[in-house]
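Quick note, the sequence shown lines up with residues 1 to 239 if you use the UniProt record's numbering. Heads up, the beta-carbon is just placed ideally off N, CA and C, and yes, glycines get one too.
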Amino acid sequence: MLDFLISPITINMPFIIIIAAFYVLINIRFHHHFLLRWIHFIPILLHEFGHAIFCQLTGGHVKDIVVVTSRRERNMTERTGFAITATRGKFNQFMTLIGGYLFPPIILLISILCINYRYPVIFWFILMLIFIYYLFKTSRKWLPFAILIIILTFSYFMWRQPAYQYDLLNDFIYQLMIAVLLADTLLTSRTLTQVYFNGHPGWDGAALSRLTRIPAFIYYFFFIIVNIGSLYLALWLLF
């Protein structure tokens with residue numbers, strides 16, 4: 001029944017590029033569209049999970065992870081998500097701040113390497129672990145429970161209809177996620193550029209600068225290099 005999870009993914013580069021380009025354009029043109037708030041779920045969760053897991057692995061404590069889906073709350077707080085952490089020492093605080101920007105590119109590259117080495121199940125397993133962590137840590141349980149109900153419903157359908165061609169659906173969803181992660185890498189670079197040149201005091205690069213006394217533009221360029229480098233490497237691996 002679950003053979004499709006270990007079957008090789010058939011890459012369709014035009015599909016990935018078109019979806020990624022469409023996602024970028026829609027984000028720029030219709031930034032507050034309600035559908036985007038749900039499509040953003042994976043990139044936002046990966047970013048906040050990066051903050052959380054880097055915090056916990058370096059000795060801190062994670063109290064909450066939130067993905068903001070309400071347009072009103074997003075407009076009021078100017079946040080799409082956040083992780084509430086209790087850090088211990090400067091190194092732990094440094095790793096917590098930087099983790100959110102390193103983790104999504106890492107996951108993007110892992111998703112493509114899993115295709116190249118014909119183990120897409122590893123990528124799904126990693127996402128499952130991230131989701132379980134989020135489920136236990138978040139204070140807003142309704143969203144992960146809603147997603148869990150969808151997953152269980154789909155699992156029941158697979159059990160009832162084992163002969164259905166799930167390989168095509170697996171290929172579609174996997175490549176859709178790669179397209180979204182590729183596009184989000186570009187969008188993150190765009191957002192970083194905007195907040196840096198607008199002198200926004202609340203962005204993580206400014207917080208890192210205050211923590212380490214290293215100029216914020218160093219962190220800006222570091223994050224841009226990480227994003228562009230991972231994007232280049234991802235496309236190189238795909239082609």
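Within a Cβ cutoff of 7 Å, which residues of the same chain sit near residue 91, ignoring the five residues on either side of it in sequence? 58
Every unbroken alpha helix (DSSP H) inside the segment 143–222 [4 residues or more]: 166–197, 204–212
For residue 90, does the three-state DSSP call read helix, strand or coil? helix
Would you list, in sequence order, the uninterrupted beta strand (DSSP E) runs of no fewer than 3 residues that lie entirely inside the segment 54–92? 61–67, 81–86
Span separating the alpha-carbon of residue 6 from that of residue 85: 36 Å
Quick one: what does DSSP say residue 10 is sitting in, helix, strand or coil? coil
So the candidates are 49, 54, 71; which of them puts its Cα closest to the Cα of residue 93? 54
Segment contact flag, the segment 107–125 with the segment 60–80, C-beta cutoff 8 Å, min 3 pairs: no
Can you tell me the Cα-Cα spacing of residue 152 and residue 145, whole angstroms? 10 Å
For residue 24 and residue 187, the rounded distance between their alpha carbons: 7 Å
Among 69, 174, 65, the one whose alpha carbon lies nearest that of residue 19: 174
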